[in-house]
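Residue numbers (my numbering): 9 to 439.
Here's what the structure looks like:
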């Protein structure tokens, strides 16, 4: 009796004021729903404050971060909204007890809201799982975002099917059967997502790219670190701080360079050449050899050469074959040896398990290249560039000690100091 009097209270009140039946029903339903929403909201608010504050204090005492992420992504708040909707739905038959024609429509509306809030709650849970898995050391560099996005898509698809089923009264299977006829359109719409999902699985299985890897991809002018691997895109922060977005499936279809192996090995390659002017290459005289012997790095090398070749050198010096004997030293050969020995004594260059050599490459119009091919112990760009500068500053500075010249194109200064005076002299002689 009490329930009946409550459900008809506002209707009877408005009828007593002389309103017509339709307006009294409308106002009764509106006020009843507003009161129900207000009461349930207040109860839910109080419940959430008590629950969430309790959970916050509990999460501070736990070692796991999972409960912290549940709070961060509002999982419990969304769960409270879900409970709120269940309470409202339970009271609908009571509110509409005298107006049974409205009950099915309101229940349908509430079912749709329940599905949407359920999806939102699952979304919070998936975001929580995503954030938590990224804190696991062995999963930090894995494309977790891609898999979470796949589950998210399936969740929304299931929710859409359920909403359609609720609104039409058809079973989900009938709706899915109807979708089968539209499979070509669906595949076209979700083409990038499907390709991205397959690519994410292949990338994870083959371990070709991880989050934090330095990659270069010429097609997209990309050179930087992988920030995020999503279902559809890979975000790369380039060295100039720009962000490049690459479709995920291109990681399997387009060539790219991953520098992870270099970073993991602890050795970064130095490959740079000193170009020697060919006209400055010649044999060293005995006096020059004696002078170079005073250089600490070359002392043992030259003494060994003198010991092994000394007698033959004296014999050759008595005839014209001295400078044509293949056992005589050239300035470029000694300089190349000096570079090798200099690199061998540097502690910031890998001496074992890595290639270390100074080699002479085929001559070019720019001179004779002496290429330094070594591996630094520094892999950071900020560390290796100053190191390379120090090495080649030294190598350029000692070139004159070997009576060599570094090749460079003539500049204006060269023309003024060498060519112009000669021209003036010719003109002066003619006059």
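We put the CB at the ideal spot given by N, CA and C, even for glycine.
Looking at residue j and residue i, is the spacing between their C-beta atoms short of 9 Å?
i	j	result
residue 413	residue 407	yes
residue 339	residue 282	no
residue 384	residue 365	no
residue 122	residue 102	no
residue 77	residue 154	no
residue 369	residue 379	yes
residue 256	residue 240	yes
residue 124	residue 169	no
residue 79	residue 63	yes
residue 228	residue 193	no
residue 266	residue 223	yes
residue 268	residue 308	no
residue 174	residue 120	yes
residue 352	residue 367	no
residue 295	residue 311	no
So for residue i, helix, strand or coil by DSSP?
i	result
residue 304	helix
residue 208	helix
residue 489	The chain is shown only over 9 to 439; residue 489 falls outside these bounds and no answer can be derived.
residue 270	helix
residue 414	strand
residue 232	strand
residue 224	strand
residue 379	strand
residue 125	helix
residue 151	coil
residue 163	helix
residue 279	strand
residue 99	helix
residue 185	helix
residue 287	helix
residue 57	helix
residue 255	strand
residue 337	coil
Nearest by alpha-carbon distance to residue i: which of the options is it?
i	options	result
residue 299	72, 409, 136	409
residue 233	227, 250, 47, 239	250
residue 371	25, 64, 284	284
residue 382	312, 418, 49, 274	274
residue 218	197, 242, 196	242
residue 394	278, 310, 307	278
residue 316	236, 336, 396, 156	336
residue 49	201, 388, 95	95
residue 306	349, 36, 206, 200	349
residue 117	301, 402, 176, 166	176
residue 263	142, 225, 144	225
residue 286	390, 112, 377	377
residue 38	110, 84, 73	110
residue 84	162, 41, 126	126
residue 440	197, 238, 200, 198	Residue numbering for the chain in the displayed model covers 9 to 439; residue 440 lies beyond these limits and cannot be assessed.
residue 391	167, 72, 276	276
residue 73	142, 112, 34	142
residue 208	161, 152, 199, 247	152
Residues in its own chain within less than 8 Å of residue i by CB, not counting five upstream and five downstream?
i	result
residue 88	52, 55, 56, 59
residue 156	134, 135, 137, 138
residue 354	399
Please return the same chain residues whose Cβ sits closer than 6 Å to the Cβ of residue i, not counting the five positions on each side in sequence.
i	result
residue 400	none
residue 75	67
residue 81	132, 135, 136
residue 245	232, 233, 235, 251
Does residue i pass the burial test, meaning 16 or more other C-beta atoms within 10 Å, or should it be called exposed?
i	result
residue 292	buried
residue 346	buried
residue 272	exposed
residue 328	Because residue 328 carries a pLDDT of 49, less than 50, the predicted location of this residue cannot be relied on, and no value is offered for it.
residue 2	The chain is shown from 9 up to 439; residue 2 falls before or after that span and cannot be answered.
residue 69	exposed
residue 150	buried
residue 25	exposed
residue 386	buried
residue 388	exposed
residue 100	buried
residue 45	exposed
residue 98	exposed
residue 313	buried
residue 144	exposed
residue 342	buried
Kindly list the residues whose CB is nearer than 7 Å to the CB of residue i, restricted to its own chain and excluding five residues on each side of it in sequence; keep chain order.
i	result
residue 128	86
residue 415	283, 284, 285, 374, 375
residue 130	163
residue 362	275, 383
Could you confirm whether any beta carbon from chain D is found closer than 9 Å to the beta carbon of residue i?
i	result
residue 300	Looking for chain D here will not work: only one protein chain is present.
Answer yes or no: the CB of residue i versus the heavy atoms of the ligand PLP, is any distance below 8 Å?
i	result
residue 76	This structure lacks the ligand PLP; in fact it carries no ligand of any kind.
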